[in-house]
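Encoded as structure tokens, the structure appears first; notes follow it.
Residue numbers (my numbering), protein chains in the order written: chain A, 52 to 559; chain B, 16 to 226.
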């Protein structure tokens with residue numbers, strides 16, 4: 052598979068030989084080739100210098116393996132329009148591909164032939180060349196897609212033995228060492244293996260790299276299972292709408308959204324479940340997916356609440372590009388909804404009800420972001436900046452984890468991180484007499500302290516660099532009350548770092 | 016400052032929309048404490064809404080120092096208009112007892128919207144102005160300053176109970192006046208330290224008539 056980033060570069064014509072090169076142990080080598088380069092006799096893994104000698108007009112570009120991996124993941128997400136289970140085939144050396152589990156899916160596209168046709172067409176219009184196959188097992192599909200020659204082939208379960216028999220052994224996804232050994236034994240085609248005694252085969256081709264011959268053969272023939280690991284957990288609840296013509300404006304999305312939401316809500320209601328997170332995916336015709344995700348504190352099945360949250364999140368953030376042809380609304384996480392009896396209105400005037408608060412929090416979080424809507428939650432630590440955490444409110448209002456309340460006075464506003472000040476104390480380990488904060492000198496009228504907080508010795512050394520802190524409550528002549536601390540002790544620390552003064556908070 | 020002959024009662028209950036402004040930037044902490052303590056005290060949580068970037072200027076709200084009883088929802092949007100939006104949503108929903116929002120330059124229309132939303136949700140809103148605002152639909156406008164704290168009975172050199180000065184500079188319902196409030200060390204609520212600031216304080220901090 053040749054990947055090249057075409058954005059911002061002139062697209063090369065098909066007949067110009069192109070290679071992506073990477074650094075190998077012995078200099079530059081070819082990582083991927085296009086069809087024209089392959090037709091001129093170059094091959095993968097060849098030294099770049101040799102290739103240039105053979106073909107002086109070879110166009111080469113540096114390979115970007117990380118970008119390739121990301122592009123494959125994006126493509127896998129896009130393939131979720133055909134099947135909920137899309138797995139990335141991790142075969143090395145440019146043999147990467149995608150597995151789509153199409154069990155029970157093909158009838159939506161007019162059978163397996165129709166599915167292949169649809170795939171080829173859509174990939175083609177997105178500018179991606181494909182080789183694919185439908186087979187009863189992942190191994191057989193892999194072999195057929197790469198070795199059968201055609202660009203879309205199909206195989207039924209009954210034909211699997213004879214269908215694979217004529218393919219070379221390399222079609223079994225084997226390691227380099229195993230292939231070399233098989234060549235030594237004169238085993239060339241998969242059909243050659245059918246007649247061999249299994250125990251002998253298993254003993255001879257004991258895998259050193261986990262790609263053992265017998266296991267691969269059994270996987271291809273469907274004698275043992277091969278699990279596929281999907282890129283995203285397959286969603287159970289999803290409503291899909293596909294359009295004959297790509298939708299190019301938000302009004303179209305807006306128009307179809309209530310329909311999708313109603314379909315999804317009906318399916319969830321049948322199973323007595325509520326969605327706690329929702330995702331709206333638009334599958335663009337150029338091979339990209341755009342999406343919006345919202346979270347709900349309390350699982351809900353009301354379609355109008357979903358719509359409101361999605362609109363709050365901003366449908367205008369969807370970049371429709373040249374149009375989307377499939378729109379899917381999926382409930383990524385669902386929870387059983389129990390019928391809850393609302394509490395009796397015991398106190399007059401109190402409107403305590405968890406639902407309005409959770410709805411408010413969901414709305415605020417959808418628009419402003421999850422981390423902009425928080426609740427301070429106590430945490431067991433003596434260090435002031437660690438004694439409280441800002442937990443996203445969507446999690447905090449359900450939880451009850453509360454640390455112990457503190458009886459020591461604490462400021463109402465805190466500077467995190469603390470701001471350095473210059474302080475002058477009468478005694479080295481006493482309260483400051485005057486200090487300068489934000490370039491304003493202030494004279495201390497009254498002071499109380501110290502409250503000594505030792506560093507947390509149980510933290511690993513690379514995490515905690517703190518020293519002992521002595522906190523003082525200090526009031527200046529204007530009646531403003533500060534919370535200062537001196538970090539470090541005189542005469543106890545190593546002589547390199549002198550104690551320093553910091554401003555940590557303000558009292559009312 | 017006009018001299019009152021009779022002590023004016025401190026309006027305990029918060030109106031649907033009030034405003035507070037610090038008399039100097041250094042009194043922001045006192046103003047915030049005053050604003051939070053004026054919110055309704057029912058079982059619903061309160062909400063504090065401020066711009067994200069304000070935490071570098073004024074510091075971040077520290078829940079341990081508030082201990083407001085109920086839980087506190089902190090909303091920190093990026094844009095000034097989102098502060099008003101979040102406050103209005105919260106007030107209208109009826110899920111919170113009150114909202115303290117730090118604002119700068121709001122228009123009369125915006126404050127009217129907040130007032131209506133607060134009435135609809137049975138909540139109260141307190142706008143914390145960074146600068147003294149102009150026209151607004153607020154029922155009361157406060158100016159808050161910090162005062163030297165009360166004498167500490169256990170240590171002469173240490174600060175005692177925190178004291179602030181709350182001045183009612185505009186109101187529709189009652190005469191304008193000024194109060195000295197003192198924070199209770201245990202409940203964190205404010206109590207009246209001096210009903211009549213104009214007459215001055217006696218030494219033990221009790222009102223002049225009682226002394």
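The beta-carbon is built from N, C-alpha and C at its ideal position, and this holds for glycine as well.
- Sorting A/100, A/79, A/64 by C-alpha distance to the C-alpha of residue 85 of chain A places A/64 at the top.
- Residue 338 of chain A carries a coil assignment under DSSP once its states are collapsed to helix, strand and coil.
- Pairing residue 464 of chain A with residue 44 of chain B gives a Cβ-Cβ distance under 7 Å.
- Put simply, of A/224, A/507, A/217, A/140 the residue whose alpha carbon is nearest the alpha carbon of residue 120 of chain A is A/140.
- The C-beta separation of residue 343 of chain A from residue 368 of chain A comes to about 6 Å, placing the pair in contact by the 8 Å criterion.
- Positions of the beta strand (DSSP E) runs, each at least 3 residues long and wholly inside the region 87-130 of chain B, are given as 87-90, 113-118 in order along the chain.
- Just measuring C-alpha positions, the residue of B/99, B/193, B/40, B/52 sitting nearest residue 127 of chain B is B/99.
- Bridge partners of residue 62 of chain B according to DSSP: B/88, B/114.
- When secondary structure is reduced to three states using DSSP, residue 500 of chain A falls in the strand class.
- Along the region 68-83 of chain B, going in chain order, the ones with a CB nearer than 9 Å to a CB of chain A are 70, 71, 73, 74, 75, 76, 77, 78, 79, 80, 81, 82.
- Shortest Cα-Cα distance from residue 100 of chain A to any of A/87, A/219, A/117, A/75 involves A/75.
- Residues of chain B whose Cβ lies closer than 8 Å to the Cβ of residue 559 of chain A are, in chain order, 44, 45, 47, 48, 49, 161, 177, 179, 198.
- Burial check for residue 245 of chain A: the Cβ neighbour count within 10 Å stays below 16, so the residue is exposed.
- Residue environment: residue 294 of chain A is assigned as exposed (fewer than 16 neighbouring CB atoms within 10 Å of its CB, all protein chains considered).
- Residue 470 of chain A is bridged by DSSP to A/554.
- Assigned with DSSP and collapsed to three states, residue 81 of chain A falls in strand.
- Only residues of its own chain outside the window of five on either side were considered, and among them 515, 517, 518, 519 have a CB closer than 7 Å to the CB of residue 506 of chain A, listed in chain order.
- Ranked by Cα distance from residue 110 of chain A, the options A/89, A/116, A/122, A/127 are led by A/89.
- Going by beta carbons, residue 121 of chain B and residue 37 of chain B fall outside the 7 Å limit.
- In this structure the region 261-280 of chain A does not touch the region 111-130 of chain A; the number of beta carbon pairs closer than 8 Å is below three.
- What residue 108 of chain B touches in chain A, judged by beta-carbon distance under 9 Å, is 407, 408, 410, 411, 414, going in chain order.
- Listed in chain order, the positions of the region 455-483 of chain A with a beta carbon within less than 8 Å of a beta carbon of chain B are 456, 457, 460, 461, 462, 463, 464, 465, 466, 467.
- The beta carbon of residue 142 of chain B sits closer than 6 Å to the beta carbons of 34, 116, 118 from its chain, once the five residues preceding and following it are set aside; these are given in chain order.
- In the DSSP assignment, residue 487 of chain A forms a beta bridge with A/473, A/492.
- When the beta-carbon positions are compared, residue 162 of chain B and residue 530 of chain A come within less than 7 Å of each other.
- Within the region 515-544 of chain A, 524, 526, 529, 530, 531, 532 place their CB atoms closer than 7 Å to a CB of chain B, listed in sequence order.
- Against residue 265 of chain A, chain B offers no close residue; the least beta-carbon distance is about 60 Å (beta-carbon pairs closer than 7 Å).
- The beta carbon of residue 381 of chain A sits closer than 6 Å to the beta carbons of 286, 289, 330 from its chain, once the five residues preceding and following it are set aside; these are given in chain order.
- DSSP, read as helix, strand or coil, puts residue 418 of chain A in helix.
- Under the 10 Å beta carbon count, residue 302 of chain A is surrounded by fewer than 16 other beta carbons and is classified as exposed.
- Residue burial is scored here from C-beta neighbours: residue 445 of chain A has at least 16 other C-beta atoms within 10 angstroms and is therefore classed as buried.
- In this structure, the straight-line span from the alpha carbon of residue 416 of chain A to that of residue 24 of chain B is close to 41 Å.
- Not flagged as an interface residue toward chain B: residue 347 of chain A, since no C-beta distance is shorter than 7 Å.
- Secondary structure in the region 296-339 of chain A: the alpha helix (DSSP H) runs of 4 residues or longer, each lying completely within the stretch, are 301-321 in chain order.
- By the CB criterion at 7 Å, residue 484 of chain A and residue 491 of chain A fall outside the cutoff.
- Secondary structure of residue 198 of chain B (DSSP, three-state): strand.
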